[in-house]
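*Asks:*
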Amino acid sequence: MQPDLKLYDYWPYRDRPRIVWPGGARIAFWVAPNIEFYELDPPANPYRKPWPRPYPDVGGYSIRDYGNRVGHERQMRLLERHGIRGSVSLSAALCEHHPEIIEACAELDWEFFSHGIYNTRYTYGLSEEQERTMILDAMDSIEKHTGRRPAGYLAPALSHSEHTMDLFAEAGGIYTCDLFHDDQPTPVRVRGGQRFISIPYSLEMNDTIAYVVNRIEPRRYGSMLRDNFDRLYAEGETGGTVMCIPTHNYQVSCPHRLAALEQAIGYITGHDGVWVTTGREIAEYFLANYYDSAVEDIRRKREAAGGDTA
Amino acid sequence: MATPPDPDYLRYRHRRHGMDHQRYAWSQLHEREPVAWPGGARVAFWVNVCVQFFPLNPRGAPFTAPGGMSMPYPDLRHFSLRDYGNRVGIFRMLDAFDRWRVKPSFAVNGAIIERAPYLLSALRERGDEIVAHGWDMDSLHHGGLTPMEETDLIRRSIDSLEEATGRPVRGWLSPARNESPLTPDLLKEQGIAWFADWVNDEMPYRFLTRAGDLWAMPLSNELEDRFILMQNLHSEESWVEQVCDACDFLLKEAAESGGRMLSLNLHPWVLGQPHRIARLEQALEYVTSQSGVWPATPEEILENPSFRA
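In the order they appear, the protein sequences are chains Y and P. Take the first sequence: its letter number 282 is residue 292 in the numbering used here, and every next letter is one higher. Take the second sequence: its letter number 154 is residue 158 in the numbering used here, and every next letter is one higher.
1. Less than 7 angstroms separating the Cβ of residue 174(P) from some heavy atom of the ligand MN?
2. Can you name, in chain order, every residue of its own chain whose Cβ lies under 7 angstroms from the Cβ of residue 15(Y), other than the five neighbours on each side?
3. Are there 16 or more other CB atoms within 10 angstroms of the CB of residue 50(Y), so buried, or fewer, so exposed?
4. Restricting to runs no shorter than 4 residues, where is the alpha helix (DSSP H) found entirely within the region 169-221 of chain Y?
5. Using a Cβ-Cβ distance under 8 angstroms, would residue 225(P) count as near chain Y?
6. Are any of the Cβ atoms in chain P nearer than 8 angstroms to that of residue 291(Y)?
7. Am I right that residue 62(P) and residue 73(P) are in contact with their C-beta atoms under 8 angstroms? What's the rounded C-beta distance?
8. Is any beta-carbon of chain Y found at less than 8 angstroms from that of residue 217(P)?
9. Mind checking which residues open and close the alpha helix (DSSP H) that includes residue 139(Y)?
10. Identify each residue in the region 79-97 of chain P for which the Cβ-Cβ distance to at least one residue of chain Y is less than 8 angstroms, and report them in chain order.
11. In three-state DSSP terms, what is residue 168(P)?
12. For residue 247(P), go through chain Y and note every residue whose CB falls closer than 8 angstroms to its CB, in chain order.
13. For chain P, check one thing: does any of its Cβ atoms lie closer than 8 angstroms to the Cβ of residue 53(Y)?
14. Helix, strand or coil: which one does DSSP assign to residue 307(Y)?
15. Taking a Cβ distance cut-off of 7 angstroms, strictly less, list which residues of the region 166-181 of chain P are near chain Y, in chain order.
16. If you check the beta carbons only, do residue 71(P) and residue 277(P) fall under 8 angstroms apart?
17. Quick one: what's got a C-beta closer than 6 angstroms to residue 230(P)'s C-beta in the same chain, skipping five residues either side?
18. Spatial neighbours of residue 81(Y) within its chain, please: C-beta separation below 6 angstroms, excluding the five flanking residues on both sides.
19. Indicate whether residue 165(Y) and residue 188(Y) have their beta-carbon atoms separated by less than 8 angstroms.
20. Which one of 203(P), 204(P) and 287(P) has the shortest CA to CA distance from residue 241(P)?
21. Among 282(Y), 281(Y), 301(Y) and 146(Y), which has the Cα closest to the Cα of residue 208(Y)?
22. From which residue to which residue does the beta strand (DSSP E) around residue 220(P) run?
23. Should residue 294(P) be flagged as near chain Y, meaning a C-beta pair shorter than 8 angstroms?
24. According to the neighbour-count rule (16 or more other Cβ atoms, all chains shown, within 10 Å of its Cβ), is residue 316(P) buried or exposed?
25. State yes or no: is the beta carbon of residue 297(P) nearer than 8 angstroms to at least one beta carbon in chain Y?
26. By DSSP's criteria, residue 124(P) is part of a beta bridge. Which residues make up the other side?
27. Can you check whether the CB of residue 60(Y) is closer than 8 angstroms to the CB of residue 9(P)?
28. Quick one, which of 230(Y), 203(Y), 38(Y) and 277(Y) has its alpha-carbon nearest residue 247(Y)'s?
29. Could you name the residues that DSSP lists as bridge partners for residue 22(P)?
30. For residue 105(P) versus residue 299(P), is the C-beta distance shorter than 8 angstroms?
31. Between the C-alpha atoms of residue 20(P) and residue 144(Y), what's the straight-line distance to the nearest angstrom?
32. With DSSP collapsed to three states, give me the class of residue 262(Y).
33. 8 angstroms is my cut-off, CB to CB: does residue 132(P) come that close to chain Y?
34. I'd like to know whether the C-beta of residue 13(Y) is nearer than 8 angstroms to at least one C-beta of chain P.
35. Would you mind telling me which residues of chain P sit closer than 9 angstroms to residue 304(Y), beta carbon to beta carbon, in chain order?
36. Terminal residues of the continuous alpha helix (DSSP H) containing residue 292(P)?
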């Protein structure tokens, strides 16, 4: 274990090269519905228990199944009403279990990025070879069922190893959603030297963090989303920002929570200068237009501060 | 060095179309045939009240139920506060249900019958639907029981209620909604027709057991008073808002998709408090005054032709 995996360099949030998003937009806004499959009886992992209650954890399993049976359709139609194409964080096994959901999203031209095989199979304890196998399995499976190889990764249940970024970049991925260190895309260092970046995904705006971990009221979640947008939108005038709403169809799509989400999304998309987009489009645009200047600015600031030049 | 998981950790035995088990068929709510409620109603409004006994000396197998004792023995504060619900709070709630013409079901622990016979006879006289809720809140159904032990728990719970009310018991809610791998099979074998432990749907659906199908009834955990007020520590005002928002949403969805259900699972020891009862009244007033809302019991809901055996 190491004190820091050195995935990124310190890069102060001032005087950065100015990002302008397509169409002169000041904020890139994306919604990332997690579409997950949790197993009722997953194998044990020595580092993390999949379920808090003994088998069968009816409550934990069944509310997640609710997301796919009931919640997904609601969230998909809500996003459609507001002209948003979801960027799906996908448990790849869902391609086999529930292809109906994949087809419905594909019809709306949504993006699919990898979220592992199942949200009950963790990266913890896997050998490098096993983790590579899992990453490639998920990418192959998503490509086979959607026609396009995923560009992004959110590790299953946010479980990582020291080599997760390296392995995903080696498999051809270009962005990660696993890092929460910034409000703009940043370069991520991988051992193979690939041009690989982090896209802001936001833990704080994540509905499961809001509802399950922080246990907040639905309308407060809605007002947090609006506050988060207001500030990033204002700052976007001097340098384009990114706002993400990561969702789960078993949280936001409950009947008592949808109104809060819809109001916030209507508010956000009602502004001018908002690039309503997907994770892949943000990553590709940043890589094509700002990656090099970001790397150069990080190097310049480090040197100016007397840091090592390695 | 990391301890690796089992070498088979990346084998996926159930990676195929549908569910990863045999308990029910994969089906999305919006794909199903629309359900028509009586009188053209759009939303069936089901209120279930839990009448529970939390023993002072829990074994906690395999865990202590939410609401159970949490202080060193004898935890009189929590013990007596739970009793408060069955002595005081529930009568406030009954008045509220009558005022707003809501017909709740009551999920009753078998142990309540000896502890509060007056309450049981009051419910019998009202003619409310009684649902078996296990023996008590420390008699959880879990894989550590033998099938015979679990069958006995189920049988005792049902028998005591049937004896006290003189009516057959058709519905079941497990204490803490916990189950053993066999619970649904044993429930069906003991004559139960529907249960409400699983929260994966918002309409009744067929649940498969070795003895035939059960109906799984949707009883939201996310909207329940205990979850929102005691676990999430949301305000009472927020609970009302959430119920009203849910009602509005479901009425709107039902207009396009066919009948929906709004279910509230309530606890007299939570909402029956003097400072909270007005919030229940407010929620009941709002929901029952919406056009298209049909206050209904599980029995009435399952009489719908869509849910015929």
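We put the beta carbon where it would ideally sit given N, CA and C, even for glycine.
*Replies:* Inspection of the coordinates gives the following:
1. Judged by which ligands are present, the structure shown has none, so any question about the ligand MN falls away.
2. 172
3. buried
4. 174-180
5. yes
6. no
7. 5 angstroms
8. no
9. 138-156
10. none
11. helix
12. 266
13. yes
14. helix
15. 181
16. no
17. 271 and 274
18. 259, 260 and 263
19. yes
20. 287(P)
21. 301(Y)
22. 216-220
23. no
24. With chain P covering 5 to 313 only, the question about residue 316(P) has no answer from this structure.
25. no
26. DSSP output for residue 124(P) lists no bridge partner at all.
27. no
28. 38(Y)
29. Its beta-bridge partners do not exist; DSSP assigns none.
30. yes
31. 17 angstroms
32. coil
33. no
34. no
35. Within 9 angstroms Cβ-Cβ: nothing; residue 304(Y) doesn't reach chain P, min ~33 angstroms.
36. 281-293
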